[in-house]
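Residue numbers (my numbering): 1275 to 1474. For each residue, glycine too, the CB sits at the ideal point set by N, CA and C. Notes for the one structure printed next.
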């Protein structure tokens, strides 16, 4: 296990993933429309692959530490009941995703924030929500195993009381107030870009 340094695009907000390894987290690529909308709303198209996939490392929140620039941490929701999507407001860099319920001990950290050492997170083991892939043709794989690993880590966190999180306070309230996108903002962010003819 190792530590992986994290940073927003401009370097103002920095963090670290502790105990990073394939055994403490699961690396997946998510093709869902909401992950794509999150990136597009922030103007952070570069975090998406050619078919709209986001490379995410799912691990326990206790493994994530924000080491500097925490005043630039911000959070949005695409809908009133959507995931909490955390980003650095200094440069609109997507950082990670969590559920609104702090007692679900999972954070999905975008691997694009890793300064170096991404290989320590292991290979991509699942491709999920492939129906949202731009242009289609992406095959689903590893989804059931990824869910089992998330639930296993959840159970372990509850048993061993490994429930610390830098994203919620002791009462379970997000450390910054989430902002919910308007319907128009979500509509614009959800528009799928047209593929060039050579990619169709």
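Buried or exposed by the 16-neighbour rule on C-beta atoms within 10 Å, applied to residue i
i            : result
residue 1376 : buried
residue 1276 : exposed
residue 1378 : exposed
residue 1354 : exposed
residue 1359 : buried
residue 1441 : buried
residue 1287 : buried
residue 1429 : exposed
residue 1447 : exposed
Nearest-angstrom Cβ-Cβ length linking residue i and residue j, presumed shorter than 8 Å
i            : j            : result
residue 1398 : residue 1301 : 5 Å
residue 1285 : residue 1332 : Contact doesn't hold; Cβ gap of about 25 Å is too wide.
residue 1311 : residue 1463 : 4 Å
residue 1278 : residue 1391 : 5 Å
residue 1351 : residue 1454 : 5 Å
Alpha carbon of residue i to alpha carbon of residue j, nearest angstrom
i            : j            : result
residue 1342 : residue 1373 : 23 Å
residue 1507 : residue 1370 : Because the chain in this structure spans residues 1275 to 1474, residue 1507 falls outside the shown range and cannot be described.
residue 1314 : residue 1381 : 21 Å
residue 1419 : residue 1295 : 16 Å
residue 1538 : residue 1443 : This structure does not reach residue 1538, given that the chain is present from 1275 up to 1474, and the question cannot be answered.
residue 1348 : residue 1291 : 19 Å
residue 1330 : residue 1404 : 14 Å
residue 1466 : residue 1459 : 14 Å
residue 1395 : residue 1461 : 34 Å
Given 8 Å as the limit, is there contact between the segment 1314-1330 and the segment 1421-1428, that is, 3 or more CB pairs closer than that? Verdict: no, contact absent.
In chain order, which alpha helix (DSSP H) runs of at least 4 residues are fully inside the segment 1349-1432? Taking only runs of at least 4 residues, no alpha helix (DSSP H) segment lies wholly in the segment 1349-1432.
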